[in-house]
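Participant:
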Amino acid sequence: MIALIKGTLMEKAEGEAVVMTASGLGMRLMMSANSLAALPQAGQDCTLYTHMSVREDAVELFGFAHKDERDMFRRLISVSGIGPKSALFVLGSMPLSDLRLAILTGDVTALSRAQGIGRKTAQRISLELKDRLAQDALGAAGAEDAVFSAASEPEAQDALGEAMLALKSLGYTPQEAAAALKGVKAQASTADELIRLALRHMAQNA
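Right, dumping it as structure tokens:
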């Protein structure tokens, strides 16, 4: 399994790029619009994370400018009915932080803007991935220590603290996370519920 490629960017076109490795092997990689935009000019060095898809009729290599995008790609292709090319269209339709937000809040309109993704498929993406993304955020934040003092009960304070850390791990500032959580903290008692409500609150007030 090829996990990463480092070499010289030889060319890039719509949906793909060719990278020449030090061994003289030219690798053709399928890529999202966002990863292609992040590449340097032809002739310069680049490093790409990769995912290899092996089928009976084809072997395809997919490239990603960032590991987080590759992780999201693998999440997307785990959704029933979403193949690798559809996953690339979804990834290229918006910044990765916006995609996470759309999935977590069930924003079908945003998800269905991707080429080939209808409303039913968008709903399925959100339904199958939102819980996993919320758990990912909690896991990423779990190693940190924090206290969210707005809670009165110890259990609620723990849930709010976890939710605060999770929102920060998704790229929100402490001020944004705190403001959103203060607006929804009375509506839920678990971290997962608080995260989803806070993300929905921020999306509605964006």
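Counted from 1, the sequence shown has number 78 at position 78 by this note's numbering; the numbering is strictly sequential.
All C-beta atoms, glycine included, are put in the ideal place defined by N, C-alpha and C.
Quick one: what does DSSP say SER53 is sitting in, helix, strand or coil?
Facilitator: strand
Participant: Using a threshold of 8 Å, state whether the C-beta atoms of MET164 and ALA177 are closer than that.
Facilitator: yes
Participant: With three or more C-beta pairs closer than 8 Å as the rule, is the segment 92–109 touching the segment 44–54?
Facilitator: Output reads no: the segment 92–109 does not touch the segment 44–54.
Participant: Does the structure place the segment 86–106 close enough to the segment 33–43 that three or more beta carbon pairs sit under 8 Å?
Facilitator: yes
Participant: So the candidates are SER23, ILE5, LEU29 and LYS6; which of them puts its Cα closest to the Cα of GLU16?
Facilitator: Each of SER23, ILE5, LEU29 and LYS6 was checked against the Cα of GLU16, and the nearest Cα belongs to LEU29.
Participant: Find out if the Cβ-Cβ distance for the pair SER97, LEU170 is shorter than 8 Å.
Facilitator: yes
Participant: Kindly list the residues whose CB is nearer than 8 Å to the CB of VAL18, restricted to its own chain and excluding five residues on each side of it in sequence; keep chain order.
Facilitator: So the list reads LEU9, MET10, GLU11, LYS12, GLY26, MET27, ARG28 and LEU29, once near-sequence residues are dropped.
Participant: Using three-state DSSP, classify MET27 as helix, strand or coil.
Facilitator: strand
Participant: Look at the Cβ atom of ALA188, then the Cβ atom of ALA166, and state whether they are nearer than 8 Å.
Facilitator: no
Participant: For the beta strand (DSSP E) containing ALA222, name the first residue and the last one.
Facilitator: In the structure displayed, the chain extends from 1 to 206; residue 222 sits before or after that span and is not available.
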